[in-house]
Amino acid sequence: MQNILDRERDEMEVVVNYLFSHNFLLKEFEREKYQLAVRNKDIIKRYLQVIGWDFIVDEKHGCIVIASPHYEHRLKLKKDETIWLLVLRLIYEEKRSSLSISQYPFTTLQEIKGKYETFRLIFVTKTKLRELVQMGKQNQLLRPIDNDIELDDCRFQLFHSCIHVLQQGDLNVLYERIKSYSEGGDQIEMDEETTIN
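Throughout the sequence shown, residue numbering follows our numbering, covering 982 to 1178 in sequence.
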């Protein structure tokens, strides 16, 4: 740490604080912070290891993630939040296979609703939809392209950070997880842990 300039040390402090408050650092939004973190990834990784946090640099997708292995630092999701994230992750996985790595998948509200119908899940209320979209925006998982998020043709851009939330593996695992909610109805209360802190 002594080898780096004071200015760069100050910049790294900004990057680490940003990661603690956002969990994700996407090249798409924060190019300078991202490049600084990649340049100094060994230093940042060692620092975070001291306090027990994981530092994941996914250069392939332009995404940096920090995560606590301790559950008390992870967000406990409600059932509807977990289902929403699983559905987004499923759509992301289905679409990204046909895109280049640098491209982000797009979806529509109608497509999201269609996934809920496929799994015989009741779609969320308009109020809850706004909350879920806001949660996705705050955590850099998605961006609404159109203004009215309640319209079926509203488009959403899905970011590569989706890979690192509710890490589930392949599509079959995602299908099974979502299916378990439709079969369990309201009796399954979620205590899902996610990398969102």
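Even glycine gets a Cβ: it sits at the ideal position worked out from N, Cα and C.
Relative to the alpha-carbon of residue i, which residue among the options has its alpha-carbon at the smallest distance?
| i | options | result |
| --- | --- | --- |
| His1003 | Leu1155, Gln1121, Ile1103 | Gln1121 |
| Val1038 | Leu1067, Val1031, Ile1047, Arg988 | Ile1047 |
| Lys1059 | Leu1113, Leu1080, Arg990, Lys1160 | Leu1113 |
| Ile1093 | Lys1109, Phe1137, Glu1011 | Phe1137 |
| Leu1139 | Ile1024, Gln1084, Lys1160 | Gln1084 |
| Lys1107 | Asp1133, Arg1158, Leu1000, Leu1056 | Asp1133 |
| Gly1043 | Gln1016, Lys1026, Phe1036, Ile1032 | Gln1016 |
| Val995 | Cys1135, Lys1118, Glu1009, Lys1014 | Lys1014 |
| Tyr1073 | Ser1079, Asp1061, Leu1080, Pro1086 | Pro1086 |
Among all the DSSP beta bridges, which residues are the ones paired with residue i?
| i | result |
| --- | --- |
| Cys1044 | Leu1007, Asp1039 |
| Thr924 | There is simply no residue 924 to check, as the chain begins at 982 and stops at 1178 in what is shown. |
| Pro1125 | Phe1137 |
| Thr1089 | Arg1136 |
So, helix, strand or coil for residue i, using DSSP?
| i | result |
| --- | --- |
| Gln1084 | coil |
| Lys1076 | helix |
| Lys1057 | strand |
| Arg1020 | helix |
| Leu1066 | helix |
| Asn1120 | coil |
| His1145 | helix |
| Phe1001 | helix |
| Arg988 | helix |
| Glu1098 | helix |
| Ser1049 | coil |
| Glu1174 | Residue placement at Glu1174 is flagged as unreliable, the pLDDT there being 48, under the threshold of 50; the coordinate-derived value follows with that caveat. Strand, per DSSP. |
| Glu994 | helix |
| Ile1130 | coil |
If you draw a straight line from the C-alpha of residue i to the C-alpha of residue j, how long is it?
| i | j | result |
| --- | --- | --- |
| Met1180 | Thr1063 | Nothing in the structure corresponds to residue 1180, since the chain is present only between 982 and 1178. |
| Tyr1162 | Thr1099 | 12 angstroms |
| Ile1103 | Asp987 | 54 angstroms |
| Glu989 | Val997 | 12 angstroms |
| Val1154 | Leu1006 | 26 angstroms |
| Lys1109 | Gln1030 | 37 angstroms |
| Thr1088 | Ile1144 | 16 angstroms |
| Trp1034 | Lys1026 | 8 angstroms |
| Asp1172 | Leu1056 | The pLDDT assigned to Asp1172 is 42, lower than 50, so where the model puts this residue is not dependable, and the model offers no usable value. |
| Phe1001 | Ile1126 | 27 angstroms |
| Ile1045 | Phe1036 | 7 angstroms |
| Asp991 | Leu1080 | 37 angstroms |
| Glu1157 | Val1146 | 17 angstroms |
| Met993 | Val1105 | 40 angstroms |
At a Cβ threshold of 9 angstroms, is residue i touching chain D?
| i | result |
| --- | --- |
| Glu1157 | You won't find chain D in this structure, because it holds only one protein chain. |
Does the region 1061-1078 come close enough to the region 1013-1020 to have 3 or more Cβ pairs within less than 8 angstroms? no
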